[in-house]
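Enquirer: Take a look at the following structure, please.
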Amino acid sequence: MQELFRIENLCMAFGEKEVLRNINLTIRRGEIFALIGPSGAGKTTLLRILNLFEKPTRGNLKFNGLANEGEINNIRRRMSLLFQTPAIFKASVFDNVAYGLRVRGIDKMTIENKVKSALNIVGLEGKEAQKARTLSAGEAQRMAFARAIVYDPELLLLDEPTANLDPANVAKIEEVIKRIRSERGTTIVIATHNIPQVRRIADRVGILLNGELIEVNTKEGIFMAPEDARSEAFLKGEMIY
Amino acid sequence: MSSTEFLIQGIIKAFELIINLNPYIFSITGVSIKVSGTATILATLTAIPLAFALAFLDFRGKQALITLVNTGMGLPPVFVGLFIFVMLVPAGPFGLLNMIFTPEAMIIAQYILVTPIITGISLAAIKAVPKPIIETVYTLGGSTKDAVIATLMEARFGIITAILAGLGRALAEVGAILIVGGNIAYTGSVGGIGEGASYTRTLTTAITSETSKGDISTSIALGIILISLNLSVNLLATFFQGRD
Numbered sequence: 352m353q354e355l356f357r358i359e360n361l362c363m364a365f366g367e368k369e370v371l372r373n374i375n376l377t378i379r380r381g382e383i384f385a386l387i388g389p390s391g392a393g394k395t396t397l398l399r400i401l402n403l404f405e406k407p408t409r410g411n412l413k414f415n416g417l418a419n420e421g422e423i424n425n426i427r428r429r430m431s432l433l434f435q436t437p438a439i440f441k442a443s444v445f446d447n448v449a450y451g452l453r454v455r456g457i458d459k460m461t462i463e464n465k466v467k468s469a470l471n472i473v474g475l476e477g478k479e480a481q482k483a484r485t486l487s488a489g490e491a492q493r494m495a496f497a498r499a500i501v502y503d504p505e506l507l508l509l510d511e512p513t514a515n516l517d518p519a520n521v522a523k524i525e526e527v528i529k530r531i532r533s534e535r536g537t538t539i540v541i542a543t544h545n546i547p548q549v550r551r552i553a554d555r556v557g558i559l560l561n562g563e564l565i566e567v568n569t570k571e572g573i574f575m576a577p578e579d580a581r582s583e584a585f586l587k588g589e590m591i592y
Numbered sequence: 083m084s085s086t087e088f089l090i091q092g093i094i095k096a097f098e099l100i101i102n103l104n105p106y107i108f109s110i111t112g113v114s115i116k117v118s119g120t121a122t123i124l125a126t127l128t129a130i131p132l133a134f135a136l137a138f139l140d141f142r143g144k145q146a147l148i149t150l151v152n153t154g155m156g157l158p159p160v161f162v163g164l165f166i167f168v169m170l171v172p173a174g175p176f177g178l179l180n181m182i183f184t185p186e187a188m189i190i191a192q193y194i195l196v197t198p199i200i201t202g203i204s205l206a207a208i209k210a211v212p213k214p215i216i217e218t219v220y221t222l223g224g225s226t227k228d229a230v231i232a233t234l235m236e237a238r239f240g241i242i243t244a245i246l247a248g249l250g251r252a253l254a255e256v257g258a259i260l261i262v263g264g265n266i267a268y269t270g271s272v273g274g275i276g277e278g279a280s281y282t283r284t285l286t287t288a289i290t291s292e293t294s295k296g297d298i299s300t301s302i303a304l305g306i307i308l309i310s311l312n313l314s315v316n317l318l319a320t321f322f323q324g325r326d
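Chains as they are written, first to last, in our numbering: chain S, 352 to 592; chain Z, 83 to 326.
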């Protein structure tokens, strides 16, 4: 598989507190990469750095071979980050989903078609005119998902996208994740501590513990024969934080 | 005549003045709306960009400016009037402009009073926009300009409320405009209703002068218009707060 994102020797500190230590990772084009680890391990910070929201204290990032310096907005436009709790604009479902297309100056007809298609994918067709803030939590997350995929990002970063959802919405989101990867070839990095979910959807897995990426392996490798003893302990739920 | 009869007669006459479109009354109302409206528009043009700058930018002296805005929200109008008076009198630093006792001087005074109010309330509305909303704009490929527009859209009802609060304050203000405007009406207006036209006389300053002259009916008529204007402004503000 071709490389999409390369992270080299990445370190991140907030003041005195070091939250990420010497991260080396390559995200491959078209894969679903699960970043797992307990709460506070640094998963969200790493996703924010990948989305160029945070500047790392040290290290190099290369998206599709491009160094991020001076290219932030251009590179960010090729990806999308979905937060655990979506921020919803005070507007209709249509206007929320259309936002990313409008800032790119896409024409009205294309916007209408793409929004309709994205809403259809997440099962929210017919809700275009509804005020987005009146959606249920599950619907809101699905709408945010539609908003994140409507402009066909090459890389989709998902931060605990199903953490607060009921099983039906979890299943729907997982179905959408697999569908957009297979239909559009979108590369997906998902941060989660939902181990069964990782088993269901991931291709490769990275385990982040205390800011350190202790192991990166295929899903089968991680679950069947983890290389690091701490990985095995974490996956068995033997680690207490 | 009992005090109740006196009051009732005053109110009846006041409505007659309003219904008959008394030129004196409506000239005063016109000056009030013109002065307060212009001051509020100018204050809005300054206050909204200032509120966004304070919310989005980091610069030296930012905290001091916020403190100044907060202090300005409670500025005593008579002090502002005195300050503008001292600046604009012929012997003052801007005396050559010949602006004292003009509507322009009143606009300046109200601008100084209203700008901090609109800035402060707008800043609070802008800061109330959740940070994830702004971050979402960036994650979806938006620029800083898009983030500002999105914030404006999110805070729009709060900002409209801020502008209306400023307009309400300007319409109700009396101390500063009395000092710098001089409460002037053209010849004939002092002697009787309907004979003159206002130059710098507003609803509030006219109420003070008509009451001191004992013309309660005119004062009540002016009061009814003033209250109606302020009520309309507040109803609008309540409407927009409800939309938020």
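C-beta: ideal position from N, C-alpha, C; glycine also.
These numbers were taken from a predicted model, which means no experiment stands behind them.
1. So that I know if they touch, is there some Cβ in chain S lying closer than 8 Å to that of residue 204/Z?
2. With a cut-off of 8 Å on the beta carbons, I'd call residue 455/S and residue 428/S a contact; round off their distance for me.
3. Excluding five sequence neighbours on each side, which residues of the same chain lie with their C-beta closer than 6 Å to the C-beta of residue 435/S?
4. Can the beta-carbon of residue 566/S be found closer than 8 Å to that of residue 554/S?
5. In whole angstroms, what separates the C-alpha of residue 101/Z from that of residue 107/Z?
6. Listing by chain order, which chain S residues have their CB less than 7 Å from the CB of residue 51/Z?
7. If you count every other CB in all the chains shown that lies within 10 Å of the CB of residue 251/Z, and 16 or more means buried, which is it?
8. Which one or two residues does DSSP pair with residue 510/S in a beta bridge?
9. Around the Cβ of residue 265/Z, are there at least 16 other Cβ atoms within 10 angstroms (buried) or fewer (exposed)?
10. Mind listing the chain C neighbours of residue 431/S? Cutoff is C-beta to C-beta under 9 Å, in chain order.
11. Given residue 98/Z, which residues of its chain have a CB within under 6 Å of its CB, disregarding the five upstream and five downstream residues?
12. Just verifying my parser: in three-state terms, what is the DSSP assignment at residue 480/S?
13. Sort 431/S, 488/S and 412/S by Cα distance to residue 520/S and report the nearest one.
14. From the beta carbon of residue 228/Z, is the nearest beta carbon of chain S less than 8 Å away?
15. Find out if the Cβ-Cβ distance for the pair residue 359/S, residue 375/S is shorter than 8 Å.
16. Can you find a C-beta in chain S that's less than 8 Å from the C-beta of residue 212/Z?
17. Under three-state DSSP, which class holds residue 535/S?
18. Measuring only between beta-carbons, confirm whether residue 241/Z sits less than 8 Å from chain S.
19. Within 10 angstroms of the Cβ of residue 588/S, are there 16 or more other Cβ atoms? Answer buried if so, exposed if not.
20. Need the endpoints of the beta strand (DSSP E) that residue 431/S sits in, please.
21. For a cutoff of 8 Å on Cβ pairs, would you count residue 454/S as touching chain Z?
22. Keeping to the same chain, check which residues put their C-beta closer than 6 Å to that of residue 449/S; ignore five residues upstream and five downstream.
23. Nearest chain Z C-beta to residue 441/S closer than 8 Å, yes or no?
24. Does residue 581/S have its Cβ less than 8 Å from a Cβ in chain Z?
25. By how many angstroms is the C-alpha of residue 474/S removed from the C-alpha of residue 481/S?
26. Using a cut-off of 9 Å between C-beta atoms, extract the partners of residue 232/Z located in chain S.
27. Using the three-state DSSP reduction, which class does residue 184/Z fall into: helix, strand or coil?
28. Which first and last residues belong to the beta strand (DSSP E) in which residue 567/S is found?
Expert: The answer reads as follows:
1. The residue you call residue 204/Z lines up with position 122 of the second sequence. Judged by the 8 Å Cβ criterion, residue 204/Z is not in contact with chain S.
2. Taking the first sequence and counting its residues from 1, the one referred to as residue 455/S is at position 104. Taking the first sequence and counting its residues from 1, the one referred to as residue 428/S is at position 77. That belief holds up - the Cβ atoms of residue 455/S and residue 428/S are roughly 7 Å apart, short of 8 Å.
3. Start at 1 with the first residue of the first sequence, and residue 435/S comes out as number 84. Cβ within range, chain order: 510, 511 and 514.
4. For the purposes of this step, residue 566/S is taken as residue 215 along the first sequence, with counting starting at 1. For the purposes of this step, residue 554/S is taken as residue 203 along the first sequence, with counting starting at 1. Their beta carbons are not under 8 Å apart, which means residue 566/S does not touch residue 554/S by this criterion.
5. Along the second sequence, one-based indexing puts residue 101/Z at 19. Along the second sequence, one-based indexing puts residue 107/Z at 25. Distance between the alpha carbons of residue 101/Z and residue 107/Z is about 11 Å.
6. This structure cannot settle anything about residue 51/Z, because the visible part of chain Z is limited to 83 through 326.
7. Locating residue 251/Z in the second sequence gives position 169, counting from the first residue. Residue 251/Z comes out buried.
8. On the first sequence, residue 510/S is found 159 positions in, with the first residue counted as 1. Answer is 542/S.
9. Taking the second sequence and counting its residues from 1, the one referred to as residue 265/Z is at position 183. Residue environment analysis places residue 265/Z among the buried positions, since at least 16 neighbouring C-beta atoms fall within 10 angstroms of its C-beta.
10. Given the protein chain composition of this structure (S and Z), no chain C is represented.
11. Position 16 of the second sequence, counted from the first residue, corresponds to residue 98/Z. Within the same chain, residue 98/Z has no close Cβ partners at all.
12. What you label residue 480/S is simply residue 129 of the first sequence in a count that begins at 1. DSSP places residue 480/S in coil when its eight states are reduced to three.
13. Indexing the first sequence from 1 puts residue 520/S at position 169. Selected option, being the one with the closest Cα: 488/S.
14. Here residue 228/Z refers to the residue found at position 146 of the second sequence. Yes - at least one Cβ of chain S is within 8 Å of the one on residue 228/Z.
15. Taking the first residue of the first sequence as position 1, residue 359/S is located at position 8. Taking the first residue of the first sequence as position 1, residue 375/S is located at position 24. Contact flag set, yes.
16. Position 130 of the second sequence holds residue 212/Z. Yes, contact with chain S.
17. Position 184 of the first sequence, counted from the first residue, corresponds to residue 535/S. In the structure shown, residue 535/S sits in a helix (DSSP, three-state: H, G or I).
18. Here residue 241/Z refers to the residue found at position 159 when the second sequence is read from its first residue. Residue 241/Z does not count as touching chain S.
19. Indexing the first sequence from 1 puts residue 588/S at position 237. Per the 10 Å Cβ criterion, exposed.
20. Taking the first sequence and counting its residues from 1, one reaches residue 431/S at position 80. Its beta strand (DSSP E) spans residues 430-433.
21. In the first sequence, residue 454/S corresponds to position 103, counting from 1. Closer than 8 Å: yes.
22. Sequence index remark: in the first sequence, residue 449/S carries index 98 (1-based). Counting only Cβ-Cβ distances below 6 Å, and skipping sequence neighbours, we find 462 and 466.
23. Within the first sequence, residue 441/S is the residue found at index 90, counting from 1. At least one chain Z Cβ lies under 8 Å of residue 441/S.
24. Counted from its first residue, the first sequence places residue 581/S at position 230. With 8 Å as the cut-off, residue 581/S does not count as an interface residue toward chain Z.
25. What you label residue 481/S is simply residue 130 of the first sequence in a count that begins at 1. What you label residue 474/S is simply residue 123 of the first sequence in a count that begins at 1. Taking C-alpha positions only, residue 481/S is separated from residue 474/S by approximately 14 Å.
26. Residue numbering aside, residue 232/Z sits at position 150 when the second sequence is read from its first letter. The contacting residues are 440 and 450.
27. Within the second sequence, numbered from 1, the residue matching residue 184/Z stands at position 102. Three-state DSSP puts residue 184/Z in coil, outside helix and strand.
28. Start at 1 with the first residue of the first sequence, and residue 567/S comes out as number 216. Start and end: 563-569.
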